[in-house]
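Asks: Convert by adding 14 to the 1-based position in the sequence shown; the result is the number in the numbering used here.
Just so it is clear, CB atoms sit at the ideal spot from N, CA and C, and this is done for glycine as well.
Bear in mind that the values here come from a model prediction, so they are computed numbers and not experimental data.
The structure that follows is given in the form of structure tokens.
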Amino acid sequence: MRSFALPLIVVLAAVGLSAVDIVKELDARAQKQNESAGKGTPVTTACAVPDGAQLVPDQGALFGVNLDLDSKALGEYARDLGRGPAVSVSFTGFPYTAQEKTDLQRAVSQIRVDGQMMLLTLEPMKGLDAVTSEAAEALAEDLAAFNADGVPVIVRFAHEMNGSWYPWSQQPARYITAFQTVAAAVHAHAPGSAMMWAPNYGGGYPFAGGRFEAEPGSVDFTALDTDADGALTLSDDPYAPYYPGDTAVDWVGMSLYHWGSAHPWGENELPEAGKFADQLTGNYSGANGDESRLPDFYQVYGGRHGKPIAIPETAAFFAPATGGETELAIKQAWWEQLFSPETAAQFPQVKMINWFEWDKNETEVGGRVNWTVTDTPQVREAFTAALPDWIHFASSGACASRSS
């Protein structure tokens with residue numbers, strides 16, 4: 015998650031796993047399934063290994079969630095929503111530790127029961143030099159095991175690489191090499207997995223002042239200066255220098271949030287009409303500033319490159335301690351843009367939309383922001399009623415793990 019027009023340095027914390035709660039819930043479900051099976055009642059089917067190319071729906075879009083698993087288990091969220099999400103987002107360092115691998119395995123177990131597929135965001139916090147072929151091969155081996163457990167995985171590798179706040183930021187050549195290394199291993203050894211390239215929305219590019227911004231005179235700076243004027247500005251393409259190529263990339267993604275109407279953030283304000291569509295297509299000019307020099311992300315990568323497009327993270331800003339518009343009014347105005355018939359008609363290549371379901375302190379505003387749509391009953395009822403019929407959810411019923 016990143017506020018797309020701010021030059022502030024805020025590191026997104028990896029999604030935590032409430033291990034005790036998860037294990038208890040899964041053990042309880044397994045016991046019930048075993049009891050039913052002992053009575054001769056079939057409760058599950060064998061897990062099928064999906065093919066990565068089949069993860070894109072022919073029509074409509076997958077609905078997913080970026081869930082704070084320390085506050086709510088996936089099963090509880092699915093009950094609140096009235097159905098399981100087709101996509102569940104997880105974060106981990108890469109290469110990951112033994113504990114992080116255990117956490118991912120627990121997340122896979124949750125998804126197999128109450129979801130469908132994992133969007134796995136890999137964060138190489140030790141830098142791109144740590145992304146070796148050996149690490150990529152080990153990842154692919156684990157992904158193949160997850161796939162065999164009935165859980166497809168889309169790998170979002172080193173997201174927001176065009177920002178200035180991560181150790182992998184603004185290093186286009188090294189980033190592309192690392193992405194291709196991971197993609198080659200995943201494509202070769204994990205047939206039920208796919209690769210996602212997901213830059214940050216370009217408003218505010220090049221996000222000057224970040225710890226990892228490209229230094230003037232460096233090879234990276236020269237590569238990013240796409241208009242060759244000796245400076246990095248909003249006139250430079252914030253996406254193309256980082257693109258790893260059509261062979262390596264299966265999906266493209268870009269997170270789009272409504273943070274408010276203008277900097278400084280922190281006020282509860284309705285999103286402008288057409289804001290989501292304008293930002294996705296590089297046509298936004300409004301309270302946030304004139305960002306119409308940006309490329310049309312949708313047309314370039316969904317049209318020219320022919321890739322399915324994901325909105326890996328989205329939500330609308332509401333600070334409970336701040337006055338202004340109501341929680342329902344703000345969030346409803348945003349999800350109406352996401353789920354409108356006009357959005358489905360205008361953007362048929364948008365194949366995934368994931369809501370950011372967190373209630374957390376945000377450094378940008380120095381206080382609590384509630385991004386959720388299932389915690390407040392009135393908001394939850396309105397949200398679930400608004401979900402359109404072109405959105406896909408998880409298939410009902412868990413499958414039997416091949417490792418069980």
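Whole angstroms is fine: what's the gap from residue 334's alpha carbon to residue 374's?
Replies: Cα to Cα, the separation comes out at about 11 Å.
Asks: Rank 141, 167, 62, 296 by C-alpha distance to the C-alpha of residue 153 and give the top, closest one.
Replies: Minimum Cα distance to residue 153 is reached at 167.
Asks: Thinking just about the alpha-carbon of each residue, which of 257, 292, 301, 102 is nearest to the one in residue 278?
Replies: Taking only the C-alpha atoms, the option nearest residue 278 is 301.
Asks: Once the 5 residues before and after residue 361 are set aside, which same chain residues still bring their CB inside 8 Å of it?
Replies: 291, 294, 312, 316, 323.
Asks: Can you give the beta carbon distance from residue 336 to residue 282, rounded, assuming they're within the 8 Å contact cut?
Replies: Rounded, the Cβ-Cβ distance is 5 Å, consistent with contact.
Asks: Based on the DSSP output, what are the partners of residue 77 in its beta bridges?
Replies: Partner(s): 367.
Asks: Where does the unbroken alpha helix (DSSP H) through residue 345 begin, and where does it stop?
Replies: Element bounds for residue 345: 341–353.
Asks: The alpha helix (DSSP H) that contains residue 155, what's its start and end?
Replies: 147–162 is the span of the alpha helix (DSSP H), which, as asked, contains residue 155.
Asks: Less than 8 Å between C-beta atoms, sequence neighbours within five positions excluded: which residues of the same chain meet that for residue 352?
Replies: Contacts found: 290, 325, 328, 367.
Asks: Of the residues 223, 194, 386, which one's Cα is nearest the Cα of residue 85?
Replies: That would be 386, whose Cα lies nearest to the Cα of residue 85.
Asks: Buried or exposed: where does residue 139 fall if 16 or more other Cβ atoms within 10 Å of its Cβ makes it buried?
Replies: Classification of residue 139: exposed, given that the 10 Å Cβ count is below 16.
Asks: Within the continuous alpha helix (DSSP H) that includes residue 191, where are the two ends?
Replies: Note, residue 191: alpha helix (DSSP H), 186–203.
Asks: Is DSSP giving residue 45 helix, strand or coil here?
Replies: Note that residue 45 scores a pLDDT of 43, beneath 50, so its modelled location is shaky; the value from the coordinates is reported in the next line. Looking at residue 45 - three-state DSSP - the assignment turns out to be helix.
Asks: Excluding the five sequence neighbours on either side, which residues of its own chain have a C-beta within less than 6 Å of the C-beta of residue 274, listed in chain order?
Replies: So the list reads 281, 283, 331, once near-sequence residues are dropped.
Asks: Under a three-way DSSP split, which group does residue 358 fall into?
Replies: Looking at residue 358 - three-state DSSP - the assignment turns out to be helix.
Asks: Using the three-state DSSP reduction, which class does residue 37 fall into: helix, strand or coil?
Replies: Because the pLDDT at residue 37 is just 37, under 50, the model does not fix this residue reliably, and the point stays unresolved.
Asks: Apply the 10 Å Cβ neighbour rule to residue 78 and answer buried if 16 or more other Cβ atoms are within range, or exposed otherwise.
Replies: Classification for residue 78: buried.
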